[in-house]
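Per this note's numbering: the sequence shown = residues 1 to 476.
No residue lacks a Cβ here, since even glycine has one placed at the ideal position from N, Cα and C.
Here the structure comes first, spelled out in structure tokens, and everything after it is commentary.
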Amino acid sequence: LLGAALGTMLALFVVRLIGPVMPEDLYRVGEARVDGAALAFTLLVAVAATLFFGLAPALQASGFNVAASLKEGGRGSSEGQKGKRLRSALVVSQIAMTMVLMVGAALTAQALIRMQRVDPGFEADRLLTLGVTLSSAKYPDQTQRAAFQDEVLGRLEALAGVEAVGGVSYLPLDFSTGVIGFRVEGREPTSADEDLFANLNNVTAGYFDAMGISLLRGRPFNDADNADAPHVIAINQTMAERFWPGEDPIGRRVLLDEEDTEGGWASIVAVVEDVKHRWLIGEVWPQVYFPQSQYRTRGLRFVVRTSGDPAVVTAAAREAIWSVDRGLPVRGVRTMNQVVAQSLGPFQLASGTLALFGVLALLLACLGIYGVVAYAVNRRLNEFGIRIALGADASDILGLVMKHGAALAGIGTAIGLAIAIALGMVVSGSMPGVPRPGPLLFAGIALPLVAAALAASYLPARRAAKLDPASALRSE
1 LLGAALGTML
11 ALFVVRLIGP
21 VMPEDLYRVG
31 EARVDGAALA
41 FTLLVAVAAT
51 LFFGLAPALQ
61 ASGFNVAASL
71 KEGGRGSSEG
81 QKGKRLRSAL
91 VVSQIAMTMV
101 LMVGAALTAQ
111 ALIRMQRVDP
121 GFEADRLLTL
131 GVTLSSAKYP
141 DQTQRAAFQD
151 EVLGRLEALA
161 GVEAVGGVSY
171 LPLDFSTGVI
181 GFRVEGREPT
191 SADEDLFANL
201 NNVTAGYFDA
211 MGISLLRGRP
221 FNDADNADAP
231 HVIAINQTMA
241 ERFWPGEDPI
251 GRRVLLDEED
261 TEGGWASIVA
271 VVEDVKHRWL
281 IGEVWPQVYF
291 PQSQYRTRGL
301 RFVVRTSGDP
311 AVVTAAAREA
321 IWSVDRGLPV
331 RGVRTMNQVV
341 AQSLGPFQLA
351 SGTLALFGVL
361 ALLLACLGIY
371 GVVAYAVNRR
381 LNEFGIRIAL
391 GADASDILGL
401 VMKHGAALAG
411 IGTAIGLAIA
421 IALGMVVSGS
431 MPGVPRPGPL
441 LFAGIALPLV
451 AAALAASYLP
461 ARRAAKLDPA
471 SALRSE
């Protein structure tokens with residue numbers, strides 16, 4: 001019960017600790033609390049685990065066999081061999097689990113560092129984002145939505161310190177995106193089951209300029225791309241290279257399988273730089289951009305490029321939207337740097353959690369080694385006294401005891417290393433961005449782990465080395 005209470009206090013501390021440091025709105029981590037039901041369940045599990053694991057030694061003690069104990073003692077040990085093996089196995093398991101957890105923490109930390117160095121395809125600095133959603137009751141048709149969006153864009157552009165303004169339906173790295181099926185003109189499907197899909201986004205004419213997305217080929221959207229004009233789209237570099245390798249895709253047409261497009265063909269007028277829309281790691285999908293002027297959506301995120309700190313124009317940007325529709329909620333007011341940081345949140349949470357569990361597991365493993373070695377020393381005091389009386393010096397006794405702790409640390413580390421290598425290969429192959437574990441990483445974790453285990457063994461070993469033979473012989 002005392003251990004469960006201490007564990008609950010630690011859990012409360014961790015929950016309070018991680019909330020403020022996690023990105024805003026990430027799975028509402030900052031609002032996480034340990035309620036009464038969770039507390040009661042945790043206490044129940046802790047008590048049940050204690051009773052379950054305490055049952056084995058209780059049953060062993062109730063069935064104590066004097067003759068068997070004397071036989072085991074006669075084989076050179078004053079403690080039961082079964083109990084010794086069980087304790088050693090538990091410590092080895094702790095060390096192996098510690099190794100796995102620490103390798104997992106190191107891999108996720110490396111993946112996080114890699115993601116922070118990835119070019120997202122846009123310039124996140126000095127960029128403010130604001131989102132609105134128009135109700136279908138107040139803005140039932142495209143004409144009304146177009147009038148609102150054009151008015152807001154004009155007022156945002158007129159603000160002091162604003163360099164460029166754009167609008168987009170799905171903001172990159174904001175955990176949301178659209179998907180559309182399509183067909184390429186002149187290219188028959190290779191099989192009846194082939195499905196061609198791309199990410200989709202509705203953007204205004206100034207979006208690419210405001211985001212700092214490079215135009216690689218063709219022309220940007222303009223005011224002539226209106227609802228009465230032929231349908232046009234822009235695509236990303238990945239889509240161009242996949243479906244028109246070595247060719248110019250400008251002027252080619254695709255059939256978009258989307259209700260708003262009415263099944264019409266759309267001509268490609270631009271190829272733009274690849275943008276990381278879903279995650280900063282992993283494969284880039286083909287991307288289709290619709291001009292907002294042809295496919296008006298109710299939800300739109302405004303992106304405002306500023307000449308200085310974007311926070312300075314936040315209040316004015318909100319007021320510009322409210323000056324067009326005072327009752328419209330403005331959501332997701334953040335800088336683009338905050339959006340990018342939020343996209344890293346799951347990996348930060350995973351890395352931090354694994355690191356915390358790894359440190360706790362290392363502490364428990366060291367305590368386990370200390371307990372096992374200290375218990376073995378207490379049970380062998382008479383033996384050590386005899387050895388010292390027969391001429392063994394302190395270094396002999398110290399090495400004898402340390403050898404036991406080193407064996408436990410070595411076996412546990414080897415088992416954990418084997419498991420970590422296998423899991424590391426699986427995870428790195430299935431999760432983009434997670435590096436394949438190498439020898440340096442394993443050595444960097446295994447060596448400190450073994451050193452900590454040896455340090456835990458040293459204290460009882462030092463005590464054994466300083467034994468007084470007469471006192472040790474009288475202890476039996």
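Item: Beta-carbon proximity check, residue 409 vs residue 101, cutoff 9 Å; Value: no
Item: Contact check, residue 461 vs residue 402, beta carbons under 9 Å; Value: yes
Item: Where residue 331 falls, given that 16 or more other Cβ within 10 Å makes a residue buried; Value: exposed
Item: Closest Cα partner of residue 369 within the set 87, 45, 50, 103; Value: 87
Item: Top-ranked residue by Cα proximity to residue 295, from 254, 342, 334, 232; Value: 232
Item: Whole-angstrom distance between residue 230 and residue 209, CA atom to CA atom; Value: 23 Å
Item: Buried or exposed (CB count within 10 angstroms, at least 16 for buried), residue 92; Value: buried
Item: Residue 168 and residue 303 closer than 9 Å at C-beta; Value: yes
Item: Residue 140 versus residue 348: straight-line alpha-carbon distance, rounded; Value: 42 Å
Item: Within 9 Å, strictly: CB atoms of residue 275 and residue 120; Value: yes
Item: Separation of residue 130 from residue 176, as counted between CA atoms; Value: 15 Å
Item: Closest Cα partner of residue 446 within the set 96, 311, 166, 288; Value: 96
Item: Same chain, Cβ closer than 6 Å to residue 464, neighbours up to 5 away in sequence not counted; Value: 377, 384, 397, 401
Item: Span separating the alpha-carbon of residue 420 from that of residue 289; Value: 43 Å
Item: Proximity of residue 366 and residue 443 at Cβ, strictly below 9 Å; Value: no
Item: Separation of residue 254 from residue 266, as counted between CA atoms; Value: 6 Å
Item: Classification of residue 264 by the beta-carbon crowding that lies within 10 angstroms, buried from 16 upward; Value: exposed
Item: Three-state secondary structure assigned by DSSP to residue 464; Value: helix
Item: Any non-hydrogen atom of the ligand COA closer than 8 Å to residue 158 Cβ; Value: In the structure shown, the ligand COA is absent, as is every other ligand, since no ligand is present at all.
Item: Whether residue 270 touches residue 239 by CB criterion (9 Å); Value: no
Item: Extent of the continuous beta strand (DSSP E) run through residue 226; Value: Residue 226 -> no beta strand (DSSP E), and no H or E assigned at all.
Item: Residue range of the unbroken beta strand (DSSP E) whose run includes residue 133; Value: 127-133
Item: Cβ-based neighbour list, residue 351, same chain, cut-off 7 Å, excluding 5 preceding and 5 following; Value: 105, 108, 109, 112
Item: Residues that residue 179 bridges to, as DSSP identifies them; Value: 199
Item: Cβ neighbours of residue 193 in the same chain (closer than 6 Å, five flanking residues each side left out); Value: Interpretation of residue 193 is limited by its pLDDT of 47, a score under 50 that renders its predicted location unreliable; the figure taken from the coordinates is listed afterwards. Answer for residue 193: no residue qualifies.
Item: First through last residue of the beta strand (DSSP E) which encompasses residue 289; Value: 287-291
Item: Where residue 167 sits in the DSSP three-state scheme; Value: strand
Item: Nearest-angstrom Cβ-Cβ length linking residue 279 and residue 343, presumed shorter than 8 Å; Value: 7 Å
Item: Where residue 434 sits in the DSSP three-state scheme; Value: coil
Item: Three-state secondary structure assigned by DSSP to residue 419; Value: helix
Item: Proximity winner among 182, 458, 416, relative to residue 394 (alpha-carbon distances); Value: 458
Item: Bridge partner(s) assigned by DSSP for residue 270; Value: 218, 234
Item: Same chain, Cβ closer than 7 Å to residue 415, five either side skipped, listed in chain order; Value: 92, 96
Item: Close-in-space but distant-in-sequence residues of the same chain around residue 206 (CB under 7 Å, 5 per side omitted); Value: 164, 165, 166
Item: Beta-carbon separation (whole angstroms), residue 483 vs residue 173, contact threshold 8 Å; Value: The displayed coordinates of the chain run from 1 to 476. Any statement about residue 483 would go beyond what the structure contains.
Item: Other residues of its chain near residue 320: CB distance less than 6 Å, five sequence neighbours each side excluded; Value: 155, 156
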